[in-house]
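See below for the structure under consideration.
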Amino acid sequence: MTDAPVTHIPLLSVEELSVEFRTRNGTVFALEDVGFALDKGETIALVGESGSGKSVTAFALLGISDPAAKVTKGRAVFGGLDLLSQPEKVLRELRGRELSMIFQNPRAALNPIRPIGKQIADILLRHGGATGQTAKAKAVEMLAAVRIPDPERRAKAYPFELSGGMCQRVMIAMALACSPALLIADEPTTGLDVTTQAAIMDLIRDLSRERGMATILITHDLGLAAEIADRIVVMHAGHIVETAPTAQLFANPRHPYTRRLIGATPGEGRSLADLTAIPGGLPDLRKAPLPACRYSARCERRAADCEAPLPRLVAAHSLTACHHPLS
Amino acid sequence: MLQLIAQRLTAAVPGVLGVIVVTFLLSRALPGDPAAYFAGPAATPQAIEEIRQKLGLDRPMWEQFIDYIGDLVRGDLGNSLTTGQPVMQELVTRLPASAELTLLALVVAVLVAVPLGVLAAVKQGSWIDHLSRVVTTAGVSLPTFFTGLLLVYVFYYKLGWAPPPLGRLDIYFSPPDHVTGFYLIDSLIARDLELFVAALGQLILPASTLAVFALAPLARMTRASMLAVLSSDFIRTAKAGGLRSHTVVVTYAFRNAVLPVVTTLGMVFSFLLGANVLVEKVFSWPGIGSYAIESLIASDYAPVQGFVMTMALLYVFLNLLIDVLYGVIDPRVGIDA
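Chains as they are written, first to last, in UniProt numbering: chain B, 1 to 327; chain H, 1 to 337.
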């Protein structure tokens, strides 16, 4: 999947992405030199604890960041176009058509006073996926595609009349309405019950396979990431600490944080007592200068040379940003 | 929807009954003796007593109340002691005068305040946001009589663009046939364009005065409500779908932000209708505000009662209208709400 011959061009290639938030209490260095690549049809997972910069990365790619956020450096080449330097007008054309996103808390993420069928039709009409006549029928078709029973009737429903799981299906229908090349799913199952979670993840996986769509799954749930991602990108405090194919990452984590993260993930045959919390918390990202390795304060393998700029240990398919990786 | 209206109307009945009782008691509790006032300063105590008997003020309170209810049912609000005119007839001519003025002022205020508030929220921190802040601060800080006098000074006295501030029509015109009581509408029904222009000319300055005052709460509420909605999750979804900014702002954000604005509109309307006495004074406007104040000063209780009754009924009607509007705008406000 990531066999990278010299001429290979990935669908999305993010390089040195840095984002700052200018707030009243100082500048927050939310992302620093974030880089990863994604092939057509590939599924990767961005994992890390809350506040590690997963969503900030996604918002920056789509150009829907908070007004306080500034992209200070980096490129994100998507289909030959650097997303970070495109004007809003170009991005608006791409969003919803080539790049789509689904969010957590689906009920709040839908317009509460607009029938869901209309909200899907809005996207279709905007990107020429349908004309005034066919938009309604196409919206119903999309609802059927995300396995909503009785789509004809449901198209007229408002979000408050649907369950959280149904609302997430509607979100997926909206995101996929124009058959995008890339779907970003930001914690799509947070707040849904376990059976619904599984159904939603199956749906996302099936639809992305069917359509050859690349997917970035943003989650703090390593178990979920392991189930559906081809590759996993581990983030910590705005840095990418490790990238590796899923099986390799679990069998052989190289970054101390990754190992801790796996140790904190419940799984089959593991009792609650086996789980270990990661000591410490994320560093305060407002305090410049931040340490070169933002994990060093929590790390049991810290040594004197951890103050030096982070290395990028590139192996065949993986990358580790650590002076003292596990072997 | 009909069920909702019926429900709200039923719920309003106790309120209206309460208003009837309270206005009756309140006007009897007013300081000053109507009989003494009516008899004049030179009247003997005997003459005052005679008048008191004639007005029925010497009878027990409950008898007066029953008479009052009976009159109300017949649509008789009594006669004004000062003018001798039936209160009902005065209200019928004066209420449209105030309503026309207030409505026009509100239309102007909404047309300015809502776009201003929306733009201020969308382009937060821009010049239009600052402009909106200046306008709203001015609107709440400038008393209406001052704005009114200033407008009269500039546009009538200095520039001569506006007609003299002497009521609803220039003395050279006679009012149109009474259909709605709104001169603008009645003159159009009579197909008298000249009269329409004359009536509009008289309306512009007082309506602008009130509009400046009404602008502030509307623009502020629009801005605050838009800001809250613009930072909500579904706006981010709409942006992530690549929808045009026009669609995002108008169809997605504004429609969600409009409820508090409608509430404010209702409050501003009822407040303006009854409380614009000063503007009515400055422009010699024959409205119900000045009527109520004059009667109150004269201890003339029948017009005061009539005024309070009218305002109470208007409030009930207005709240009903707002409730219905809520239901139209927000599907979550259901029949069962």
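Glycine included, every Cβ here is placed at the ideal spot set by N, Cα and C.
Cβ shell of residue i (< 6 Å), same chain only, five flanking positions each side left out
i       : result
Q305(H) : T23 and S27
M142(B) : I120, A173 and A177
G165(B) : L192 and T196
R169(B) : V146 and I148
L95(H)  : I288
H236(B) : G48, S52, Y257 and Y295
Y326(H) : V333
Within chain H, the residues that residue i reaches when beta carbons sit closer than 7 Å
i              : result
L62(B)         : A240
residue 403(B) : Residue 403(B) cannot be examined here, being either before or after the span of chain B that is shown, 1 to 327.
Contact with chain D by residue i, beta-carbon distance below 9 Å
i      : result
F21(B) : Considering every chain present, this structure includes no chain D. Its protein chains are B and H.
Beta-carbon neighbours of residue i, restricted to chain H and to distances below 9 Å
i       : result
D122(B) : A238, G241, L243, T247, T251 and Y252
H127(B) : G241 and G242
L31(B)  : Correct list: empty, because the minimum Cβ distance to chain H is about 18 Å.
R92(B)  : K239, G242, L243, R244 and S245
F78(B)  : In chain order: nothing, as chain H lies at least about 14 Å away.
M101(B) : R236, T237, A240 and G241
N252(B) : Within 9 Å Cβ-Cβ: nothing; N252(B) doesn't reach chain H, min ~36 Å.
Identified DSSP bridge partners for residue i
i       : result
D186(B) : I218(B)
D82(B)  : V77(B)
A45(B)  : L217(B) and I232(B)
L243(H) : Answer is none; L243(H) lacks a bridge partner.
S141(H) : BP columns for S141(H) are empty, so no partner.
M101(B) : I184(B)
H255(B) : In the DSSP output, where bridge partners are listed per residue, H255(B) has none listed.
A37(B)  : S13(B)
R95(B)  : L99(B)
Residue i: contacting residues in chain B (beta-carbon distance under 7 Å)
i       : result
P331(H) : I113 and Y158
Element boundaries [alpha helix (DSSP H), containing residue i]
i       : result
L249(B) : T246 to A251
M1(H)   : Careful: M1(H) lies outside any alpha helix (DSSP H) and carries neither H nor E.
I288(H) : I288 to I297
L106(H) : V87 to V122
D202(B) : V194 to R211
D122(B) : I116 to R126
Y252(H) : Y252(H) -> no alpha helix (DSSP H), and no H or E assigned at all.
Within chain H, partners of residue i - CB distance below 8 Å
i       : result
A108(B) : S232, D233 and F234
R97(B)  : G242
M174(B) : T237 and G241
Continuous beta strand (DSSP E) stretch holding residue i: start and end
i       : result
V77(B)  : A69 to F78
A190(H) : Element bounds for A190(H): n/a, residue is neither H nor E.
A175(B) : Here A175(B) belongs to no beta strand (DSSP E); instead the alpha helix (DSSP H) covers G164 to L176.
E20(B)  : L12 to T23
Separation of residue j from residue i, as counted between CA atoms
i       : j       : result
I288(H) : I113(B) : 40 Å
S163(B) : I172(B) : 14 Å
T93(H)  : I5(H)   : 28 Å
L326(B) : S208(B) : 34 Å
A337(H) : D323(H) : Residue placement at A337(H) is flagged as unreliable, the pLDDT there being 40, under the threshold of 50; the coordinate-derived value follows with that caveat. Straight-line Cα distance between these residues: approximately 10 Å.
P175(H) : D330(H) : 42 Å
T57(B)  : Q86(B)  : 16 Å
A155(B) : T209(H) : 48 Å
P217(H) : V268(H) : 8 Å
T258(B) : P10(B)  : 25 Å
L72(H)  : E280(H) : 28 Å
L81(B)  : E152(B) : 38 Å
A120(H) : S225(H) : 11 Å
H127(B) : A144(B) : 20 Å
T144(H) : F213(H) : 7 Å
F234(H) : T131(B) : 24 Å
L125(B) : G74(B)  : 33 Å
G117(B) : P159(B) : 10 Å
S231(H) : G281(B) : 28 Å
L296(H) : I64(B)  : 60 Å
E307(B) : R244(H) : 47 Å
F146(H) : L203(H) : 17 Å
8 Å Cβ shell around residue i - same chain, five flanking residues per side excluded
i       : result
I293(H) : V277
L205(H) : G148, L151, V152, F155, Y156, A162, P165 and F283
K239(H) : V248
N319(H) : R8, A12 and G266
Within chain B, the residues that residue i reaches when beta carbons sit closer than 9 Å
i       : result
R255(H) : N111, I113 and R114
7 Å Cβ shell around residue i - same chain, five flanking residues per side excluded
i       : result
F65(H)  : F24
T83(H)  : none
S50(B)  : H220
I335(H) : Any reading at I335(H) must be qualified, since the residue scores a pLDDT of 47, below 50, and its modelled position is unreliable; no value is offered.
D129(H) : A120 and K123
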